[in-house]
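Notes follow the structure.
There are 2 protein chains.
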Amino acid sequence: MATIKEIAKKAGVSYSSVSRALNNQTGVRPEIRKKVLEIAQELNYHPHSSAKALVQNRIGVLGVVIPRTSEFAFQNPYYSHMLLGLSSVANDMGYHLMLVINQQQSYASLCHSHLVDGIIVLANRIDDPYIPELVRDNVPAVVVPGYPDGWEFDIPSVNSENYQDVYRAITYLINLGHRDIAFILGGMNSNYSLVRLEAYKAAFRDKGLEYKDKYIKESDFSKTDAFRLMGELLNLPDPPSAVISINDATTPGVLHQINSRGLRIPKDISVVAIGCSDLVDLTDPPLTTIKVPVTQVGRAAARVLIELIAKGECRERHVVIPSALVVRESTGVWPSR
Amino acid sequence: MATIKEIAKKAGVSYSSVSRALNNQTGVRPEIRKKVLEIAQELNYHPHSSAKALVQNRIGVLGVVIPRTSEFAFQNPYYSHMLLGLSSVANDMGYHLMLVINQQQSYASLCHSHLVDGIIVLANRIDDPYIPELVRDNVPAVVVPGYPDGWEFDIPSVNSENYQDVYRAITYLINLGHRDIAFILGGMNSNYSLVRLEAYKAAFRDKGLEYKDKYIKESDFSKTDAFRLMGELLNLPDPPSAVISINDATTPGVLHQINSRGLRIPKDISVVAIGCSDLVDLTDPPLTTIKVPVTQVGRAAARVLIELIAKGECRERHVVIPSALVVRESTGVWPSR
DNA sequence: TGACAAACTGCAAACGTTTGCGGTATCCAC
DNA sequence: GTGGATACCGCAAACGTTTGCAGTTTGTCA
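Each protein sequence line maps, in turn, to chains A and B.
For the first sequence, position 14 matches number 13 in numbering that gives the first Met the number 0, and the numbering has no gaps at all.
For the second sequence, position 124 matches number 123 in numbering that gives the first Met the number 0, and the numbering has no gaps at all.
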């Protein structure tokens, strides 16, 4: 591999001039710059990123941490969309992405060893033991979706309008006449579950109604578990008239359970899906959906992290991306006749 | 951040000894080693990976390239499974993963700039302009799934038993009595499409039968396109009695089209799915599937690449992972009564 | 022509490691 | 007590860059 010195020798200048020419800095005669660039091209020169990193104390890589999670969870299109968003901003800003799945060591050490300049934790669990260390060591880091309000420490986060969307969706269902609304949640160590359940309860409360605990089910975010739980719900003597499903993994399980019993949507039961997948667009009937703008969340997360790395702080520590409830045909008035 | 020199000063030894102690090399007294390790712990020392990389000429990172592709394609669980496989082996072998999506520059430059030690290209297109450069520059690289036999250049690859599986599936359908078997393919710049179509044709040929071009459809690997093409097929005066769908993205489109017409599987039409998703396990009826062992392909790819980096060559340049046709309930004899 | 500023250029240090080599201490056997 | 082997230790170079500083050239204007 060609180095800067070889170029210098070949061009007959010092290698500081070569460096300046290559990084188009000021202070090098145009003809020399041109010559240097030509020779670099000819030798197929590529700057040694480690050497650069060593002196500049910046490697140009963002660490994307996907905490220890089960295989089926990682299959969620959530991650794909997120990675697309992250990667598009990173590309534009001159950063690369290091993907860290099921890391068994502290996230902070990635930064301490200068492997990455900063860290994004995706789908963080609120009991993740490695996140407090990030704030203690003051590592540039962003978590998605973050922590409940008033949490014991503060770390930059990006989220979508989780609370508002679920609140709107439940209010909408209540207005349609539904009272027995089931919620297929994920694990309660996910802020997604916590915030959305909070909104669910608030929507009932604000209408002067009471939700029923038996309709609230904690899944492990998997399709099979959602299938099972939806089965339990439908076996109740008074099954729910509507159900809201927390993500793209659980929704197919819910739908499959409903379909396999020959129930009709929305005549027999209304369904609201939460997710980022366009899978739901082709279901029959088209699903009323809380469309989570995951790619945009990813873009924002990358932007915040890059700002954090550059400036040591960021203007907005807790970004919320607007999202929307899209009403389609899987929800109807109740009772339905 | 603590450096090796600070540890040396604090321990009262030279920093070469510290280095040796930390990398548990020979040539340092046990009590000194112990002391050094304690101080390192206490100072929260982490070796500077760039400094290390500079002198060792090895950064410990594998580049995972996902060529320019559309958003919906990246959503395919194929990539998730692959990344899980890659990451598990990489973790075990002390490597990290750099994820490069939609890279607009040459893949080889990643290696030339010492950002990564080697490169894995996922779902390579046979007309990808950046891959020949990898072999020209002798960059450690593996492509998945690779190129057709007798291609103009040779590059290590990992694939599953694409050909055999499709051959078996088509033979199986023919034995059931099917003659009009549709194939929803992807783009013909993908070796997946090429090889599988080859197998499709061979299965007919070897039975002394002729396939019909009108039943072969090239999709763009998307669900919506598959939905459209399946529509065209079912609109034919002589629609197919069976269909095989090339991946996890196209299958839902195919199924949705069939269901929306009120056709019954397998009475009216038999369906064979190709893919890695367990999505199909919950469909009604359960799908006869060519289960592609994508995670294992990923694991093998990482292993081959690491061997390539270490030894400069690998024993097996073209690994094929065995897979299987899993017969479930979406395929039946024809005619069906 | 001279003075002064501006633009250019090169030297050398620095970034944090690893490692070959030569030197020193330790130990054991005779 | 001497010899030699062995284990340990530190010096200094090396990896490929960037960059502050000082020195040199060029240009401009009076």
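From the three backbone atoms N, C-alpha and C, an ideal C-beta is built for every residue, glycine too.
If you're wondering where the values come from, they're calculated on a predicted model, not measured in any experiment.
| query | result |
| --- | --- |
| Would you report the Cα separation of H80 (chain B) and S18 (chain A), rounded to the nearest angstrom? | 42 angstroms |
| How long is the line joining the alpha carbons of E217 (chain A) and S335 (chain A), rounded to whole angstroms? | 28 angstroms |
| Does the distance from the C-beta atom of Y214 (chain B) to that of I264 (chain B) stay below 8 angstroms? | no |
| Using 8 angstroms as the limit for Cβ to Cβ distance, is L21 (chain A) near chain B? | no |
| What distance in whole Å lies between the Cβ atoms of V64 (chain A) and L175 (chain A), which are believed to be in contact at a cut-off of 8 angstroms? | About 41 angstroms; that fails the 8 angstroms criterion. |
| In terms of residues, what are the limits of the alpha helix (DSSP H) holding G84 (chain B)? | 76–91 |
| What are the residues that DSSP puts in a beta bridge with R298 (chain A)? | DSSP lists no partner for R298 (chain A). |
| Quick one, which of A:I308, A:I320, A:T288 has its alpha-carbon nearest R298 (chain A)'s? | A:I320 |
| Quick one: grab the DSSP three-state call for F220 (chain B). | coil |
| Got a sec? Which residues, its chain only, sit under 7 angstroms from V27 (chain A) by beta carbon, not counting five neighbours each side? | S16, R19, A20 |
| Give the residues from the region 106–130 of chain B that approach chain A closer than 8 angstroms (Cβ to any Cβ), ordered along the chain. | S108, H111, S112, H113, L114 |
| Would the region 134–148 of chain B and the region 189–208 of chain B be scored as touching if the rule is three or more Cβ pairs under 8 angstroms? | yes |
| A10 (chain B) lies in the alpha helix (DSSP H); which residues open and close that run? | 3–10 |
| Strictly under 8 angstroms for the Cβ-Cβ distance: is P46 (chain A) near chain B by that measure? | yes |
| Which residue comes first and which comes last in the alpha helix (DSSP H) that contains G252 (chain B)? | 249–259 |
| In this structure, how does DSSP classify T68 (chain A) when only helix, strand and coil are distinguished? | coil |
| Take every Cβ of the region 126–133 of chain B, pair it with every Cβ of the region 262–276 of chain B, and state whether three or more of those distances are shorter than 8 angstroms. | no |
| Below 8 angstroms on the Cβ atoms is my contact criterion, and I expect L324 (chain B) with Y162 (chain B) to pass it. Report the Cβ-Cβ distance as a whole number of Å. | Not a contact, Cβ separation roughly 12 angstroms. |
| What is the DSSP secondary structure of M229 (chain B), reduced to helix, strand or coil? | helix |
| Is the distance from the Cβ of I6 (chain A) to the Cβ of A39 (chain A) below 8 angstroms? | yes |
| Between Y166 (chain B) and H95 (chain A), what straight-line distance do the alpha-carbon atoms span, to the nearest angstrom? | 41 angstroms |
| Using only the alpha-carbon positions, how far apart do P238 (chain B) and Q103 (chain B) sit? | 42 angstroms |
| Cβ of P76 (chain B) less than 8 angstroms from any chain A Cβ? | yes |
| So does F220 (chain B) have its beta carbon nearer than 7 angstroms to some heavy atom of the ligand NAP? | The ligand NAP is not part of this structure, which contains no ligands at all. |
| Skipping 5 residues on each side, what residues in its chain have a beta carbon closer than 6 angstroms to that of N101 (chain B)? | R67 |
| Please report the straight-line C-alpha distance between P251 (chain B) and F226 (chain B), rounded to a whole angstrom. | 8 angstroms |
| Comparing C-alpha positions only, which one of A:L114, A:D91, A:G84 sits nearest to G62 (chain A)? | A:L114 |
| Using a beta-carbon distance below 8 angstroms, is L133 (chain A) in contact with chain B? | no |
| I'd like the ranges of any alpha helix (DSSP H) spanning at least 4 consecutive residues and lying wholly in the region 98–136 of chain B. | 107–111, 130–135 |
| 8 angstroms is my cut-off, CB to CB: does A140 (chain A) come that close to chain B? | no |
| Of all the options A:M0, A:I118, A:Q295, A:I173, which has the alpha carbon lying nearest to the alpha carbon of L304 (chain A)? | A:I118 |
| Counting only the same chain and skipping the five closest in sequence on each side, list residues whose C-beta sits under 8 angstroms from that of Q59 (chain B). | Per the sequence shown, the amino acid found at residue 59 (chain B) is Gly instead of Gln. The residues are S48, A52, G93, Y94, H95, D116. |
| Taking the alpha helix (DSSP H) that V35 (chain A) falls in, what are its first and last residues? | 29–42 |
| Could you compute how far the alpha carbon of N234 (chain B) sits from the alpha carbon of S240 (chain B)? | 13 angstroms |
| When you compare each of A:L286, A:V291, A:Y199 to S269 (chain A) by their alpha carbons, which one comes out closest? | A:L286 |
| Cα separation between A248 (chain A) and F73 (chain A)? | 10 angstroms |
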